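A short worksheet on the structure shown next.
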Amino acid sequence: MSKCPFLILQCEDSLEGILTAIYDAFVEKNKREEFHDGDIAIAIGENQNLSLFAEQIAVTTDLDKAQKTLLSIQKKISYHAYKKVLSALCHFDAERGNVVLGFLIKGFPMGARVLEDMADPYVMRVIELARKVDNESHLFCGFVRFYDLGKFLYAEIEPKCNVLPQIMDYFSDRYPNEHYVICDKKREIALIHLAFGESFFVSGNEWNINLDEQEDYFERLWSQYFKTIAIEERYNPRCQNNLIPKWYRKNMVEFQ
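Note that my numbering gives residue 88 to position 75 of the sequence shown, counting from 1, and the numbers run on in steps of one.
This is the structure we're talking about:
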């Protein structure tokens, strides 16, 4: 994994961008008579320290290539592997593209058995990244706080990992009859759900709403409820920090 690559594919920092780079990496791999581990690397984002001795190619995000990559994982390996890869790519690790690429190079010939090879560094790393993303996604299923803006519900989050793709189905099932927006301010991505309709993502900062200007009765009600039920004699900050780490409190109404 530390070998100097001969080819670097530079892609945008998005799920679709990384999946496109993985697709192109396999195209380049199939062109070569011999392929060695580390010959091709994926650089995510613009601020990367690229090698001076490697050929560099800028990858243009292609939704068709991204979809074909995901379908190939499900068909040639397994649906379980597809879920692991998708979760791993939602991590913030700068090497996640190379980790998943190494996993797939091993996984396509092996099939579903690849997840049992825990001695392989790529397999172990994919499982580790996926577990961290899944754990944070589970936390945000309980930490998201909605504001009632009249025509729709609105929530802001700033997770370490890209949890929106992971929590989409959970909130669609929980609030199927509501219009709502969950905005990831850190990545400038918003999850939009239409009542009794579909959920989809949009990028950009146009969904960043100044909540200081909003008046929400339910926000005040919940804050008051949180204070009222508190038992001062049983206040335990250490236990509270274990259950709700301070990192997640910034956008939680009851801690404002």
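Cβ coordinates follow ideal geometry from the N, Cα and C atoms, glycine included. None of the values given here were measured: they were computed from a predicted structure.
Measure the CB-CB distance between CYS24 and VAL72 and report whether it falls below 7 angstroms.
One-based indexing of the sequence shown puts residue 24 at position 11. One-based indexing of the sequence shown puts residue 72 at position 59. Contact: yes.
If we ignore side chains and look at the alpha-carbon of each, how far apart do VAL112 and MET265 end up?
Residue mapping note: residue 112 aligns to position 99 of the sequence shown, counting from 1. Residue mapping note: residue 265 aligns to position 252 of the sequence shown, counting from 1. Between the alpha carbons of VAL112 and MET265 lies a gap of roughly 34 angstroms.
Same chain only: Cβ atoms within 8 angstroms of TYR36, ignoring 5 sequence neighbours per side:
Against the sequence shown, residue 36 aligns to sequence position 23. Same-chain partners within the cutoff: ASP75, LYS78, ALA79, LYS81, THR82.
Assuming contact is defined by CB atoms lying nearer than 7 angstroms, are PHE213 and VAL176 in contact in what I supplied?
Residue numbering aside, residue 213 sits at position 200 when the sequence shown is read from its first letter. Residue numbering aside, residue 176 sits at position 163 when the sequence shown is read from its first letter. Cβ distance not < 7 angstroms, so PHE213 and VAL176 don't count as in contact.
Express the C-alpha separation of ILE205 and TYR193 in angstroms, rounding to a whole number.
By one-based count along the sequence shown, residue 193 stands at place 180. By one-based count along the sequence shown, residue 205 stands at place 192. Taking the straight line joining both Cα atoms gives about 6 angstroms.
I'd like to know whether the C-beta atoms of LEU28 and ALA38 end up nearer to each other than 7 angstroms.
On the sequence shown, position 15 is the one that residue 28 refers to. On the sequence shown, position 25 is the one that residue 38 refers to. Between LEU28 and ALA38, the gap from beta carbon to beta carbon reaches 7 angstroms or more.
Would you decide whether PRO18 is buried or exposed? Buried here means 16 or more other CB atoms lie within 10 Å of its CB.
Numbered from its first residue, the sequence shown carries residue 18 at position 5. Under this definition PRO18 is a buried residue.
Looking at the structure shown, is ALA24 part of a helix, part of a strand, or coil, going by DSSP?
Taking the first residue of the sequence shown as 1, we reach residue 24 at position 11. The sequence shown places Cys at residue 24, not Ala. In the structure shown, CYS24 sits in a strand (DSSP, three-state: E or B).
Residue closest to GLU201, alpha-carbon to alpha-carbon, out of SER91, ASP147, GLU171:
Position 188 of the sequence shown, counted from the start, is the residue given in the question as residue 201. Ranking the options by Cα distance to GLU201, first place goes to GLU171.
Contact between the stretch 139-151 and the stretch 82-92 (3+ Cβ pairs under 8 angstroms):
no
Mapping DSSP to helix, strand and coil, what is ALA143?
Locating residue 143 in the sequence shown gives position 130, where the first residue counts as 1. It is helical.
From which residue to which residue does the beta strand (DSSP E) around PHE121 run?
Residue 121 sits at position 108 when you count from the first residue of the sequence shown. Looking at the DSSP string, PHE121 is not in any beta strand (DSSP E); the run it does join, the alpha helix (DSSP H), is 109-123.
Please say whether VAL139 and LYS89 have beta carbons closer to each other than 7 angstroms?
Numbered from 1 along the sequence shown, position 76 holds the residue referred to as residue 89. Numbered from 1 along the sequence shown, position 126 holds the residue referred to as residue 139. Cβ distance not < 7 angstroms, so LYS89 and VAL139 don't count as in contact.
Flag this pair as yes or no: are the beta carbons of TYR92 and PHE116 separated by less than 7 angstroms?
Position 79 of the sequence shown holds residue 92. Position 103 of the sequence shown holds residue 116. No, Cβ-Cβ distance for TYR92 and PHE116 is not below 7 angstroms.
DSSP three-state assignment for PHE39, whether helix, strand or coil:
By 1-based counting over the sequence shown, the position of residue 39 is 26. Correct three-state label for PHE39: helix.
Alpha carbons only, please: which of PRO122, ASP26, CYS196, LYS44 is nearest the one belonging to ALA107?
As a first step, residue 107 must be located in the sequence shown, where it is residue number 94. Taking each of PRO122, ASP26, CYS196, LYS44 in turn and checking the Cα distance to ALA107, the smallest one comes out for ASP26.
Near GLU59, which residues of its chain fall below 7 angstroms by C-beta distance, leaving aside the five closest residues on each side in sequence?
Taking the first residue of the sequence shown as position 1, residue 59 is located at position 46. Around GLU59: no qualifying Cβ.
7 angstroms Cβ cutoff met for GLN179 and SER150:
Locating residue 179 in the sequence shown gives position 166, where the first residue counts as 1. Locating residue 150 in the sequence shown gives position 137, where the first residue counts as 1. Closer than 7 angstroms, so yes.
Cutoff 8 angstroms; reference ALA67; Cβ partners in own chain excluding five residues on either side:
Within the sequence shown, the letter at position 54 stands for residue 67. Result list for ALA67: CYS17, PRO18, PHE19, LEU20, ILE21, ALA54, in chain order.
Of the choices PHE105, ILE257, GLY51, LEU128, whose alpha-carbon is the least far from that of GLY155?
Counted from its first residue, the sequence shown places residue 155 at position 142. Looking at the Cα atoms, ILE257 is the closest of the given residues.
Using alpha carbons as the reference points, say which of ALA243, ALA168, LYS173 lies closest to PHE184.
Position 171 of the sequence shown, counting from 1, holds the residue named residue 184. Comparing alpha carbon positions, the residue from ALA243, ALA168, LYS173 closest to PHE184 is ALA168.
Could you have a look at ILE53 and say whether DSSP puts it in helix, strand or coil?
For the purposes of this step, residue 53 is taken as residue 40 along the sequence shown, with counting starting at 1. In the structure shown, ILE53 sits in a strand (DSSP, three-state: E or B).
In DSSP terms, what PHE214 is bridged to:
The count along the sequence shown starts at 1 and reaches residue 214 at position 201. Partner(s): LEU204.
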